[in-house]
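S.K.: This structure is in structure tokens; I'll ask about it shortly.
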């Protein structure tokens with residue numbers, strides 16, 4: 001006699017996310033380079049831009065931080081944000097055929113894509129720490145809790161923005177182009193390869209609206225307390241994440257059924 005196993009909604013949701021996560025792994029590493037490209041891409045950027053900044057800046061340190069470490073934090077953060085945002089924004093439409101199964105909902109696809117990107121970046125960070133060790137660069141973390149907090153919150157922010165644009169794209173397909181226009185400048189204005197301290201104070205208000213800049217600068221401050229946190233605010237960063245999360249979830253829960261039926 002067949003035994004029927006009853007599962008609650010949380011167990012079903014967990015299994016759905018895991019299945020979608022496994023699907024992300026298969027599609028994400030289906031090319032020849034696979035996981036190695038996830039390491040080579042950010043590391044190559046870090047080495048290239050660190051060398052350029054060292055030559056142009058005339059030194060091996062940037063505001064009391066080793067230039068390589070300075071660039072590593074900035075580039076890893078901005079790449080995590082942009083790649084998670086893009087992946088989550090396309091996840092809803094990419095998995096649209098699976099919504100015929102009532103257990104599968106769009107937010108599950110977004111969470112699976114976000115978790116996949118987070119785990120890839122954690123592996124990249126561990127690889128870069130190994131490079132630090134072989135380059136004899138001391139790994140300094142004066143405030144590790146602040147660093148972890150900024151990483152998790154920035155990842156969550158990118159995932160919620162991905163959810164927001166993913167739902168809008170089902171209504172207006174051209175939103176993909178709008179998203180591309182929005183994300184391109186972020187690489188240059190989010191402090192990934194410069195410090196807010198390098199910018200004259202009168203121009204700070206033009207950059208301070210960007211929560212990604214706050215996350216990157218606060219993480220550098222968490223690593224090296226001597227770096228300073230002038231011009232950035234943990235409260236502003238946290239409130240930005242809360243507001244964007246609220247807007248994204250409100251849009252999702254009010255319109256996801258109509259969106260996937262289009």
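In UniProt numbering, the protein residues as written are 1 to 262.
Yeah, the Cβ is synthetic: ideal placement off N, Cα and C, and Gly gets one too.
(1) Would you say residue 80 and residue 153 are within 8 angstroms of each other, going by their C-beta atoms?
(2) Going by other Cβ atoms of all chains shown within 10 Å of its Cβ, with 16 needed for buried, is residue 216 buried or exposed?
(3) Does the distance from the CB of residue 43 to the CB of residue 187 come in under 8 angstroms?
(4) Give the DSSP-derived three-state secondary structure of residue 200 in the structure shown.
(5) Could you compute how far the alpha carbon of residue 52 sits from the alpha carbon of residue 193?
(6) Counting beta carbon pairs with one atom in the region 82 to 94 and one in the region 107 to 119, are three or more of them shorter than 8 angstroms?
(7) Just the Cα atoms here: how many angstroms apart are residue 137 and residue 123?
(8) Given a cut-off of 8 angstroms on the beta-carbon distance, is the pair residue 191 and residue 74 in contact?
(9) Between the region 141 to 149 and the region 163 to 175, do at least 3 Cβ pairs fall closer than 8 angstroms?
(10) Given residue 108, which residues of its chain have a CB within under 8 angstroms of its CB, disregarding the five upstream and five downstream residues?
(11) Using a Cβ-Cβ cutoff of less than 7 angstroms, which residues in the same chain neighbour residue 214 once the five nearest sequence positions on both sides are dropped?
(12) Does the distance from the CB of residue 257 to the CB of residue 70 come in under 8 angstroms?
(13) In whole angstroms, what is the alpha-carbon distance linking residue 241 and residue 210?
(14) Determine the contact status of residue 248 and residue 160, defining contact as a CB-CB distance below 8 angstroms.
(15) Taking Cβ positions, are residue 76 and residue 125 nearer each other than 8 angstroms?
(16) Count the other CB atoms, across all protein chains shown, that sit within 10 Å of the CB of residue 227; report buried if there are 16 or more and exposed otherwise.
(17) Please return the same chain residues whose Cβ sits closer than 7 angstroms to the Cβ of residue 25, not counting the five positions on each side in sequence.
(18) State the beta-bridge partners of residue 66 as determined by DSSP.
(19) Helix, strand or coil for residue 228, going by three-state DSSP, please let me know.
(20) With distances taken between CB atoms, is the gap from residue 195 to residue 62 smaller than 8 angstroms?
(21) Just to confirm my understanding: we take residue 224, look at its own chain, exclude 5 residues before and 5 after, and list those with CB closer than 7 angstroms. What are they?
(22) Output needed for residue 176: all residues of its chain with C-beta closer than 7 angstroms, excluding positions within five of it in sequence on either side, in chain order.
(23) Can you check which of these residues, 89, 202, 127 and 185, is closest to residue 174 by C-alpha distance?
(24) Any idea if residue 246 is buried or exposed, counting beta-carbon neighbours within 10 angstroms, 16 or more meaning buried?
M.R.: So, from the listed chains and residues:
(1) Locating residue 80 in the chain shown gives position 80, where the first residue counts as 1. Locating residue 153 in the chain shown gives position 153, where the first residue counts as 1. Against a cut-off of 8 angstroms, the Cβ pair of residue 153 and residue 80 comes out as no contact.
(2) Sequence index remark: in the chain shown, residue 216 carries index 216 (1-based). Label assigned to residue 216: buried.
(3) Walking along the chain shown from the start, residue 43 turns up at place 43. Walking along the chain shown from the start, residue 187 turns up at place 187. Contact: no.
(4) Locating residue 200 in the chain shown gives position 200, counting from the first residue. Reduced to three states, the DSSP call for residue 200 is coil.
(5) Translated into the one-based positions of the chain shown, residue 52 becomes position 52. Translated into the one-based positions of the chain shown, residue 193 becomes position 193. The straight-line gap from Cα to Cα measures roughly 10 angstroms.
(6) yes
(7) Position 137 of the chain shown, counted from the start, is the residue given in the question as residue 137. Position 123 of the chain shown, counted from the start, is the residue given in the question as residue 123. Each residue's alpha carbon lies about 19 angstroms from the other.
(8) Residue 191 sits at position 191 when you count from the first residue of the chain shown. Residue 74 sits at position 74 when you count from the first residue of the chain shown. Yes, they are a contact pair.
(9) no
(10) On the chain shown, position 108 is the one that residue 108 refers to. Result list for residue 108: 13, 16, 17 and 20, in chain order.
(11) Against the chain shown, residue 214 aligns to sequence position 214. Result list for residue 214: 232, 233, 236 and 237, in chain order.
(12) As a working mapping, residue 257 is identified with position 257 in the chain shown. As a working mapping, residue 70 is identified with position 70 in the chain shown. No; because the gap between Cβ atoms is not below 8 angstroms, this pair is not in contact.
(13) For this step, residue 241 is matched to residue 241 along the chain shown. For this step, residue 210 is matched to residue 210 along the chain shown. Their Cα atoms are separated by approximately 11 angstroms.
(14) Position 248 of the chain shown holds residue 248. Position 160 of the chain shown holds residue 160. Against a cut-off of 8 angstroms, the Cβ pair of residue 160 and residue 248 comes out as a contact.
(15) Looking up residue 76 in the chain shown gives position 76. Looking up residue 125 in the chain shown gives position 125. For residue 76 and residue 125, yes; Cβs fall inside 8 angstroms.
(16) The residue labelled residue 227 in the question sits at position 227 within the chain shown. It is buried - the Cβ of residue 227 has at least 16 other Cβ atoms within 10 Å.
(17) Walking along the chain shown from the start, residue 25 turns up at place 25. Around residue 25: 116.
(18) Sequence index remark: in the chain shown, residue 66 carries index 66 (1-based). Looking at the DSSP assignment, residue 66 forms a beta bridge with 61.
(19) Counting from one through the chain shown, the residue named residue 228 turns up at place 228. Of the three classes helix, strand and coil, the one that applies to residue 228 here is coil, per DSSP.
(20) In the chain shown, residue 195 corresponds to position 195, counting from 1. In the chain shown, residue 62 corresponds to position 62, counting from 1. It is a contact, given that the beta carbons lie within the stated cut-off.
(21) Looking up residue 224 in the chain shown gives position 224. Closer than 7 angstroms at Cβ, skipping near neighbours: 64, 65, 140 and 142.
(22) Within the chain shown, residue 176 is the residue found at index 176, counting from 1. Excluding sequence neighbours, residue 176 sits near 169.
(23) Locating residue 174 in the chain shown gives position 174, counting from the first residue. Of 89, 202, 127 and 185, the residue nearest in Cα terms is 89.
(24) As a position in the chain shown, residue 246 is number 246, starting the count at 1. Its Cβ having fewer than 16 others within 10 Å, residue 246 is exposed.
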